[in-house]
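What follows is a short report on a single structure.
In structure tokens:
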């Protein structure tokens, strides 16, 4: 029985992409529900100044609360050394740094060139070594499959950047389809090349569903050995072509695909759909995406580990079609 | 450069699943637009008595009009010998017969056992031989990946039925995920087994997006040699868990996936999106699905055959998120 890690990024990637700010108590409840559903790695927010990202103003409190959940890896995004310093004192388990493969995106996103960001990563790794050697450092390589500013991103650039990051001491380097431009053949090729270059430091596939290819791209990554997948409950992050929206792969549908294939995720879909209700309560009126909650589980559905659902219907009323 | 055939089933599978009836003139215009966009096989309707399916009352007229389009295979569904007889006199190119792999579904859908339906197919093939030897006969095997009534459908049953249909003289046997229960590993396994049994008579993958796996399942089928894919413009057929809805794979997203992968479909996405406007005019207020029209094409997008789009934006205003 193969196993994958579903890395739930809704509380960071999702929440930062919606206009409303979810109240802290709701974040606590949502994270508790996600953990209760079996998610084992949760990106609970980002360490960015509150004036830039008010949705993340309570990040230290949210991390502290998440740390009370046993058995989960509590992760947060840090865009720079300052953020890493603030993050590390909370005692969280893992930080993730966004490093753009596209120079144009790097400048637009973090106001640094790729080379400058690489230096920043080195400084963060030095900080980790000196002050918190147990903290894991991941990089999610943004625009690895294309950039809306630059267009195509040379695959050689992606591979070279992965090598430089591995050399800098990063534990895990994933590829992110920030712009929803990835296609399955490219996904396979790029992950194969990166794995050939950096081996077991090859990390997560972070796919977007901007043009409907999210799950096909996840399947493609799985085919070439990727075993960690970023996704967002309800595909939170809204319409992928509205300003600032992210179009994340939907956790519910991703979990269904893997479990239906006999691949163990550890996630209970009934409890996950219950968590969806908690999310909806925290962001009233915010559209949630995904097909599985409303469709329910298939007749005779069995999880990869042999468990059977109590009730295949999932949502007691039909869900939204979106 | 690999090539696939996109078989557009919107005018049949889509239209039969919506409450409203599209006016004949609109059907003409929509089919013209689909053909103009480069679709080379179009399932224009079904030969079912009008009192059972009023949406298909004008089928003979629609076939006649479609036959005026050069370069397309005009196809229609026939559920029985009577329908085949009526279809053949129109001079259409191809008929498709739905044969259920699940006995329960066969009885519910056409009031025949699988064995009785196999006999009906034999009679239709005999008719074709006697009266219209140039007409192609396809079978789409319904519930090949599972049935909402029966549950799991034994893969052996699917393979044996494919063999029997090939022996009966059917030209092309595809597998249809009528209920949206298919998962990628199963799709690969089943198509591989069917191909091993019946070789080049292995036909189309007809996938549904009921739980979000539509394109992942299409990719899986492509991986094992499938080169014909049924899809519906705008995913017409509505909410997959509303009564009678079908949740077809969206043609726009499917074409995007293949072209982005360098696989030739012959479809022009800009013209396809123009056809979407014609569809919308014919069914005002009917929700249309798919991500690509609103997201637009990717920067620097090139079709598999080297063509470049005039304008990557596709829809001049943002499309619906669904």
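Chains as they are written, first to last, in my numbering: chain A, 9 to 330; chain B, 9 to 330.
Think of the CB as a built atom: it goes at the ideal place given N, C-alpha and C, for glycine as much as any other residue.
Just so you know, these numbers come straight off a predicted model, no measurement behind them.
Determine, for residue i, whether the minimum Cβ-Cβ distance to residues of chain B falls below 9 Å.
{"i": "residue 300(A)", "result": "yes"}
{"i": "residue 45(A)", "result": "no"}
{"i": "residue 255(A)", "result": "yes"}
{"i": "residue 48(A)", "result": "no"}
Check whether the Cβ of residue i lies closer than 9 Å to any Cβ atom in chain A.
{"i": "residue 24(B)", "result": "no"}
{"i": "residue 248(B)", "result": "At residue 248(B), the pLDDT of 49 sits below 50, so the modelled position is not reliable and the matter cannot be decided from this model."}
{"i": "residue 187(B)", "result": "yes"}
{"i": "residue 9(B)", "result": "no"}
{"i": "residue 6(B)", "result": "The question about residue 6(B) has no answer, for chain B in this structure spans 9 to 330."}
{"i": "residue 152(B)", "result": "no"}
{"i": "residue 199(B)", "result": "no"}
{"i": "residue 237(B)", "result": "no"}
{"i": "residue 270(B)", "result": "yes"}
{"i": "residue 17(B)", "result": "no"}
{"i": "residue 55(B)", "result": "no"}
{"i": "residue 148(B)", "result": "no"}
{"i": "residue 258(B)", "result": "yes"}
{"i": "residue 252(B)", "result": "Note on residue 252(B): pLDDT 35, under 50, position unreliable in the model; the coordinate value appears next. No, no contact with chain A."}
{"i": "residue 83(B)", "result": "no"}
{"i": "residue 265(B)", "result": "yes"}
What residues in its chain sit with their C-beta under 6 Å from that of residue i, if we drop five residues either side in the sequence?
{"i": "residue 311(B)", "result": "267"}
{"i": "residue 234(B)", "result": "199 and 213"}
{"i": "residue 190(B)", "result": "153 and 225"}
{"i": "residue 46(B)", "result": "274, 275 and 276"}
{"i": "residue 313(B)", "result": "272"}
{"i": "residue 210(B)", "result": "202 and 203"}
{"i": "residue 291(A)", "result": "28 and 30"}
{"i": "residue 243(B)", "result": "256, 258, 297 and 298"}
{"i": "residue 250(A)", "result": "Because residue 250(A) sits at a pLDDT of 43, beneath the cut-off of 50, its placement in the model cannot be relied upon, and the point is left open."}
{"i": "residue 11(B)", "result": "272"}
Which same chain residues, not among the five before or five after residue i, have their C-beta less than 7 Å away from its C-beta?
{"i": "residue 114(B)", "result": "108, 120, 121, 122 and 125"}
{"i": "residue 14(B)", "result": "47, 237, 239, 259, 262, 263, 273 and 275"}
{"i": "residue 179(B)", "result": "144, 145, 146 and 209"}
{"i": "residue 128(B)", "result": "88, 89 and 120"}
{"i": "residue 194(B)", "result": "153"}
{"i": "residue 110(B)", "result": "151, 155, 157, 158 and 161"}
{"i": "residue 215(A)", "result": "185, 190, 222, 225, 226 and 257"}
Output yes if chain D places a C-beta closer than 9 Å to the C-beta of residue i; else output no.
{"i": "residue 261(A)", "result": "The structure shown contains no chain D; the protein chains it does contain are A and B."}
Short of 8 Å in beta carbon distance, which residues of its chain neighbour residue i, apart from the five on each side in sequence? Order them along the chain.
{"i": "residue 135(B)", "result": "89, 92, 93 and 96"}
{"i": "residue 192(B)", "result": "221, 224, 225, 227 and 228"}
{"i": "residue 196(B)", "result": "228, 229, 231 and 232"}
{"i": "residue 279(B)", "result": "41, 44, 45 and 46"}
{"i": "residue 386(A)", "result": "With chain A running from 9 to 330 in the structure shown, residue 386(A) is simply not present."}
{"i": "residue 130(B)", "result": "176 and 177"}
{"i": "residue 139(B)", "result": "96"}
Does the ligand SAH have even one heavy atom less than 8 Å from the beta-carbon of residue i?
{"i": "residue 291(B)", "result": "As for the ligand SAH, it is missing from this structure, which has no ligand bound."}
- [ ] Determine which residues of the stretch 203 to 229 of chain B have a Cβ less than 9 Å from any Cβ of chain A, and write them out in chain order.
- [x] 217, 218, 219, 220, 221, 222, 223, 224, 225, 226, 227 and 228
Open item on the list: I want to know whether the stretch 232 to 239 of chain A touches the stretch 231 to 243 of chain B - three or more CB-CB distances under 8 Å.
Closed with: no
Open item on the list: Output needed in chain order: residues of the stretch 155 to 172 of chain A with a Cβ under 9 Å from some Cβ in chain B.
Closed with: 155, 156, 157, 158, 159 and 160
Open item on the list: At a CB distance below 8 Å, what residues from the stretch 303 to 317 of chain B approach chain A? Give them in sequence order.
Closed with: 303, 304, 306, 307 and 308
Task: Given 8 Å, three or more beta-carbon pairs between the stretch 75 to 83 of chain B and the stretch 110 to 125 of chain B - done: no
Open item on the list: Suppose only complete runs of 4+ residues qualify. What are the alpha helix (DSSP H) ranges in the stretch 163 to 213 of chain B, listed by chain order?
Closed with: 163 to 175 and 192 to 206
Task: Any beta strand (DSSP E) of 3 or more consecutive residues that is wholly inside the stretch 84 to 153 of chain A - done: 102 to 108 and 144 to 150
Task: Length at least 4, wholly inside the stretch 259 to 329 of chain B: the alpha helix (DSSP H) runs in chain order - done: 259 to 268, 277 to 290 and 300 to 303
Task: the stretch 286 to 298 of chain B in contact with the stretch 139 to 155 of chain A per 3-pair CB rule at 8 Å - done: no
Task: 4 or more residues per run - each alpha helix (DSSP H) lying fully within the stretch 12 to 95 of chain A - done: 32 to 44 and 67 to 74
Task: Touch test, the stretch 20 to 34 of chain B against the stretch 315 to 322 of chain A, Cβ-Cβ under 8 Å, three pairs minimum - done: no
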